[in-house]
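Written out below as structure tokens is the structure these notes cover.
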Amino acid sequence: MASSSQRRGAARSSPSSSQHPQHCTLPQSSPSGSQHRAMPQSSPLGSHQPNVSQPYESVGDNTLRSNNGKLPIIVHSDGRVTGVYSAKWSSRVGYWIRDVAPISYASWDKVDDSFKAEVWLKLMEEFQLNVNPTMGARKNIEKWFALKFRYWKYALRVKILKNCESEQEAISSCPMGFDPIHWEAFAIHENRQEVKDMCAKNAENRKKKHTRTDSWKYGHKHRDGTILEHAQEYYDRVTSVEEQMAEEASEHGGEAVYDITYDPLAQVFGKDKGSRTRGLSSCMSNKQLQKFAIAEELVEQESSSKSKLEDELAEVKSTVGNLLVGQTRMENMMVGILEHVRLNGSANGQPSTPTTEVDSTSVPVPVPRTQQAPNLINRNGSLNPPSRLTSYPNVKILERKREHVANGYVKTDSQKCHFRDIIGDEKVVYITNVLVGDAPVYDGPQDDILYLRDIADGGFLIWAGGRLQYED
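Pasting the structure below:
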């Protein structure tokens, strides 16, 4: 199966075979067939699986890698993923969704099953589930993918489209690495007035305090917004009381306070009796809800205190991490300098530094200034090694569209970089020359490095082995 980057590259190189969107609505079922391969009607792996009511059981210790080298994760009955590698799982889910799924889809449920299947296959190459994915687990897990897809579109809307004053400016603001055809469809859809109105309404609703009166009124409406006939009289009375309370509150320069014993519902229907509370619950009384509210307030206070402690701990971790990064850079510099001195001495016919002990009376021979190691440290504190003085293979570094963005070499004896384990086909590469500074780093950010321009003076990165082109 061809990779997503190859498919998109093919679409870009064959404009005659694609249909350029002309201010049309966003595709709801699938993008133009010319932009991607033919869309099958169902996922190859079968996305419609029976649901599982029993919780999944964990097998084995999830702190170690499985026998096949994959990272073990624990899947619960609702599809949540936990365990030591749950954060890594979350990061990779977002990465593969951004890499595979076209941005032109309106929502994750509209994304074609073929793209969902490719995302799933990529994840299964890296992670080992504690359950059989064909027994309904995959369907429950993928329900959580919609959040990642929605947040991706939200981030693009806030960071890019929000600053564009016109639709044409939004279309021309296509970021590097995106298919222009899909970006144009996304930009046109986001600039539709009804979409803007919906986003503004959602933002306004998030600021409003939701009351049980709102819930009751919403539950007595049809989908088209019309009020249920049998509830019309009570709906009007509740609305009238609500407006009257708002007017009285505005006269006193404040907002209406909706106490559960004296809100519009209580004034119209009277005090709730038994184990029912209108607009909130059909099986909880007022007294139970009040106790629940008190407990919720205590939990919120505890959570706030815990959040403050976590912020302080994160600051300490950041400081320690910066110190460790500095130590690692210093060690790398020293290793490079010693390697350069050793190889430079061998190239000039001089004997390398002896490793055996010498007599304590021996006098060290000073090295002439012309033979001393040159200053290999650049302004970022990283090492600029000679291109072919080591045995590490030189490579061309490619981004996901196979565009040549940098040069460097592979450090074949490294299993860690930026305090992360090397998994799958990943390699540790040293960047010697950056060609495209705006190119994002692989699986970024790596420490504080988001783009290649952040490491233009040289340094180590993790890169996918499939995106490295070895030079002869």
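If you number the sequence shown the way our numbering does, the last residue is 899 and the count never jumps.
All C-beta atoms, glycine included, are put in the ideal place defined by N, C-alpha and C.
Note that the structure is a prediction, hence the values are computed from the model and not measured.
Annotation for residue 669: 640 and 691 place their beta carbon closer than 7 Å to its own, counting only its chain and skipping 5 residues before and after. Excluding its 5 nearest sequence neighbours in each direction, residue 512 has C-beta neighbours in its own chain below 6 Å: 498 and 500, listed in chain order. Straight through space, the alpha carbons of residue 693 and residue 653 are spaced by roughly 23 Å. Spatial neighbours of residue 897 in its own chain (CB-CB distance under 7 Å, excluding positions within 5 residues in sequence) are listed in chain order as 820 and 822. Taking one beta carbon from each stretch, the segment 556–576 and the segment 520–530 have 3 or more pairs nearer than 8 Å; the two touch. Distance from the CA of residue 848 to the CA of residue 732, rounded to the nearest whole angstrom, comes to 33 Å. Secondary-structure assignment with DSSP links residue 869 through no beta bridge to anything. For residue 532, the three-state secondary structure derived from DSSP is coil. DSSP places residue 554 in the strand class (E or B) of the three-state scheme. Residue 595 sits exposed, since fewer than 16 C-beta atoms from the chains shown fall within 10 Å of its C-beta. Distances from the CA of residue 537 to each of 611, 576 and 554 were compared; the closest alpha carbon is that of 576. Counted as a single uninterrupted DSSP element, the stretch harbouring residue 516 is not any beta strand (DSSP E) but the alpha helix (DSSP H) occupying residues 513–527. Collapsing the DSSP output to three states places residue 863 in coil. Per DSSP, residue 887 lies in no alpha helix (DSSP H) segment; the continuous beta strand (DSSP E) that holds it begins and ends at 886–891.
Counting C-beta atoms within 10 angstroms of its own C-beta, residue 613 has 16 or more neighbours from the protein chains shown and is therefore classed as buried.
Residue environment analysis places residue 846 among the exposed positions, since fewer than 16 neighbouring C-beta atoms fall within 10 angstroms of its C-beta. Here residue 864 is near residue 878, since their CB atoms are less than 8 Å apart. The DSSP-derived three-state label of residue 854 is strand.
Residue pairing for residue 499: DSSP places it in a beta bridge opposite 555. Excluding residues up to 5 positions away in sequence, 824, 825, 826, 861, 862, 863, 866 and 879 lie with their Cβ nearer than 8 Å to the Cβ of residue 832 in the same chain. Less than 8 Å divides the Cβ of residue 567 from the Cβ of residue 506. Taking 8 Å as the cut-off, the beta carbon of residue 695 is found no closer than this to the beta carbon of residue 645. The Cβ-Cβ distance between residue 857 and residue 836 falls below 8 Å. Residue pairing by DSSP puts residue 508 in a beta bridge opposite 502. In terms of Cβ geometry, residue 565 and residue 547 form a close pair [threshold 8 Å]. Per the coordinates, the alpha-carbon of residue 888 lies some 6 Å from the alpha-carbon of residue 855.
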